[in-house]
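Protein chains in written order, with my numbering: chain A, 1 to 334; chain B, 1 to 334.
This is the structure in structure tokens:
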């Protein structure tokens with residue numbers, strides 16, 4: 001039954017209109033071969049990238065040598081730089097801010113693979129650790145108000161290099177989508193004295209029709225107003241506004257949840273282009289309590305068009321209930 | 001000089017970071033051939049589409065015959081239907097609305113062309129007339145609160161058929177992006193007693209560095225915080241919240257502005273996939289005065305990734321000033 005659903009956190013509406021002509025798993029995913037030749041992100045090519053800002057190495061390793069498990073470098077063409085002076089100007093009716101910030105690349109593995117799930121669960125926990133350490137370091141700069149962590153897999157999702165990597169952009173402003181989400185959390189808390197996402201999580205767990213996977217610390221589910229087919233949220237059950245307060249045990253549970261979600265999506269959809277990002281509290285003086293961090297995974301199966309761009313509303317041809325059912329039934333070796 | 005710019009109407013921020021490695025016009029646009037065979041939108045195939053809801057025909061023509069200049073049909077797989085009863089339910093913490101609405105396809109020309117600008121200026125005015133008539137008709141249904149008019153050209157922009165067409169989706173809600181824009185117009189008016197877009201238009205006209213084209217009724221410019229390279233706004237200089245109050249003279253000026261903008265984009269960028277939409281006042285009981293309608297054109301030259309989706313912020317590698325300069329210098333025969 002088609003319906004129009006409101007997303008309580010993001011505020012958009014999704015028209016869920018299942019196409020009877022197409023089965024939930026019946027998307028044509030373009031084959032995108034991994035370029036097999038060693039790339040600048042491969043070990044031994046450290047000199048071809050900007051110098052590292054963080055790397056995990058066995059004891060005795062030296063900066064920029066080839067023995068690392070995760071390596072974080074500055075983006076070769078950074079959109080923002082910490083060296084810039086923070087300045088705000090009016091340009092007539094417009095507002096301009098100087099491009100203060102940081103733009104880093106997290107090389108997720110020395111292995112030249114397209115996605116970390118080819119290597120097992122452990123590498124994910126190490127990557128989450130690198131994200132955490134970079135946020136902890138960058139937030140010492142009081143000008144940086146938000147750290148966006150994200151990953152584009154596949155060309156249609158915006159990736160330029162195929163070797164598994166994520167990115168961190170530290171911004172001198174709180175982005176609009178996060179401001180809007182925080183306003184929703186605050187409105188809910190003002191009325192109910194409870195966390196909005198904790199409430200949604202409890203409802204998802206009791207109904208279970210959109211839950212795909214659970215472990216000791218995280219619940220993976222298809223959100224009620226999914227913007228796109230097979231969108232998944234990975235939500236920590238311990239309520240915390242800030243991703244960077246994740247514990248070592250939670251990092252390993254997050255690794256397990258990310259591995260399982262990616263493996264299930266891969267089995268069900270093939271090598272679909274994929275977007276991933278973490279939504280977390282702003283930093284420094286803009287940090288908030290009324291928030292609950294999460295990770296979002298969104299396969300790119302249908303191009304987003306003018307309707308979505310112009311209205312913020314979405315048309316989703318696969319209900320989150322169908323998507324969750326298919327993914328629950330897609331078994332993954334542990 | 002890179003900068004972070006705030007969009008006064010849409011509220012997002014754009015990091016303008018021009019890539020020195022790439023000239024403004026140096027995008028690789030995938031060649032996408034028009035499928036030359038007659039399609040369901042071609043004259044003579046009227047029986048293969050749902051029946052028309054509007055068509056412009058010479059006197060004496062009959063419904064669904066093959067002599068038409070613009071033809072509006074229901075979408076074969078509509079996301080929303082007027083036959084549905086309007087009902088609102090709570091689903092625990094979630095909100096569900098029944099899928100009341102309309103989903104129509106405007107076949108913009110009997111000629112099997114990819115884009116109307118291949119045929120001259122006049123067809124655009126006729127298409128704008130069809131949009132207007134459909135809104136005037138649909139708003140008689142008090143349940144419909146917004147009419148989204150949009151066009152996807154090229155597969156990367158979401159088009160499925162190549163024969164020139166636009167779409168109209170009438171919604172039982174005011175979409176989030178329009179709500180947010182109206183809030184910005186209202187805040188500006190409360191403080192200044194002036195229209196926000198009139199103020200921006202005056203600034204654009206006096207500076208002129210982002211203006212691409214002007215005729216008697218419309219100004220075409222690259223917005224200050226363009227989300228993507230070569231984004232253009234087509235703005236009527238007569239302030240009106242509602243597109244559907246456009247006059248016959250304005251329709252023909254809009255046709256001239258759309259033709260010129262599309263021709264210039266085509267000359268500068270080749271057959272780039274393109275998004276187009278109209279932003280206008282909500283309908284019926286949700287209609288507002290504090291708004292100023294406009295059309296937006298956005299080429300799809302770089303894939304939008306997780307950063308944009310997750311934050312609402314954009315990284316634009318071509319400044320609107322460079323884009324406008326290139327497009328101003330791109331001459332178009334009248």
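The beta-carbon is built from N, C-alpha and C at its ideal position, and this holds for glycine as well.
Could you check what DSSP says for residue i in three-state terms: helix, strand or coil?
| i | result |
| --- | --- |
| residue 244 (chain A) | helix |
| residue 142 (chain A) | coil |
| residue 131 (chain A) | helix |
| residue 137 (chain B) | helix |
| residue 14 (chain A) | strand |
| residue 330 (chain B) | coil |
| residue 151 (chain A) | strand |
| residue 95 (chain B) | strand |
| residue 77 (chain A) | coil |
| residue 250 (chain A) | helix |
| residue 339 (chain B) | Because chain B here runs from 1 to 334, residue 339 (chain B) falls outside it and cannot be looked at. |
| residue 167 (chain B) | strand |
| residue 119 (chain A) | helix |
| residue 216 (chain B) | coil |
| residue 54 (chain B) | strand |
| residue 112 (chain B) | coil |
| residue 184 (chain A) | helix |
| residue 192 (chain B) | helix |
| residue 88 (chain A) | strand |
| residue 226 (chain A) | coil |
In whole angstroms, what is the alpha-carbon distance linking residue i and residue j?
| i | j | result |
| --- | --- | --- |
| residue 76 (chain A) | residue 91 (chain A) | 30 Å |
| residue 175 (chain A) | residue 146 (chain A) | 8 Å |
| residue 46 (chain A) | residue 106 (chain A) | 13 Å |
| residue 140 (chain A) | residue 2 (chain B) | 24 Å |
| residue 310 (chain B) | residue 296 (chain A) | 9 Å |
| residue 229 (chain A) | residue 86 (chain A) | 40 Å |
| residue 281 (chain B) | residue 133 (chain A) | 47 Å |
| residue 10 (chain A) | residue 184 (chain B) | 18 Å |
| residue 260 (chain B) | residue 233 (chain A) | 44 Å |
| residue 249 (chain A) | residue 239 (chain A) | 15 Å |
| residue 177 (chain A) | residue 97 (chain A) | 19 Å |
| residue 319 (chain B) | residue 283 (chain A) | 29 Å |
| residue 312 (chain B) | residue 15 (chain B) | 11 Å |
| residue 278 (chain A) | residue 219 (chain A) | 15 Å |
| residue 5 (chain A) | residue 333 (chain A) | 34 Å |
| residue 326 (chain B) | residue 112 (chain A) | 40 Å |
| residue 55 (chain B) | residue 117 (chain A) | 54 Å |
| residue 114 (chain B) | residue 266 (chain B) | 12 Å |
| residue 246 (chain A) | residue 221 (chain A) | 20 Å |
| residue 63 (chain B) | residue 43 (chain B) | 13 Å |
| residue 237 (chain A) | residue 268 (chain B) | 51 Å |
| residue 59 (chain A) | residue 68 (chain A) | 10 Å |
Give me the residue from the options with the minimum Cα distance to residue i.
| i | options | result |
| --- | --- | --- |
| residue 7 (chain B) | B:180, B:67, B:189 | B:180 |
| residue 149 (chain A) | A:158, A:163, A:138, A:131 | A:131 |
| residue 285 (chain A) | A:178, A:73, A:323, A:144 | A:144 |
| residue 164 (chain A) | A:170, A:171, A:172, A:153 | A:153 |
| residue 110 (chain A) | A:274, A:325, A:38, A:293 | A:38 |
| residue 203 (chain B) | A:129, A:93, A:67 | A:93 |
| residue 241 (chain B) | B:290, B:209, B:264 | B:290 |
| residue 81 (chain A) | A:304, A:103, A:66 | A:103 |
| residue 252 (chain B) | B:121, B:268, B:166, B:321 | B:121 |
| residue 301 (chain B) | B:237, B:315, B:59 | B:315 |
| residue 186 (chain A) | A:65, A:142, A:288, A:57 | A:288 |
| residue 100 (chain A) | A:71, A:172, A:41, A:40 | A:172 |
Take the Cβ of residue i as the centre, count every other Cβ of all protein chains shown within 10 Å, and call the residue buried at 16 or more, exposed below.
| i | result |
| --- | --- |
| residue 329 (chain A) | exposed |
| residue 158 (chain B) | buried |
| residue 89 (chain A) | exposed |
| residue 28 (chain A) | exposed |
| residue 35 (chain A) | exposed |
| residue 83 (chain A) | exposed |
| residue 160 (chain B) | exposed |
| residue 168 (chain B) | buried |
| residue 19 (chain A) | exposed |
| residue 48 (chain B) | exposed |
| residue 243 (chain B) | buried |
| residue 136 (chain A) | exposed |
| residue 305 (chain B) | buried |
| residue 255 (chain A) | buried |
- prompt: Given 8 Å as the limit, is there contact between the segment 215-226 of chain A and the segment 184-199 of chain A, that is, 3 or more CB pairs closer than that?
  reply: no
task: Using a Cβ-Cβ cut-off of less than 9 Å, list which residues of the segment 208-242 of chain B approach chain E; keep chain order.
output: Chain labels in this structure do not include chain E; the protein chains are A and B.
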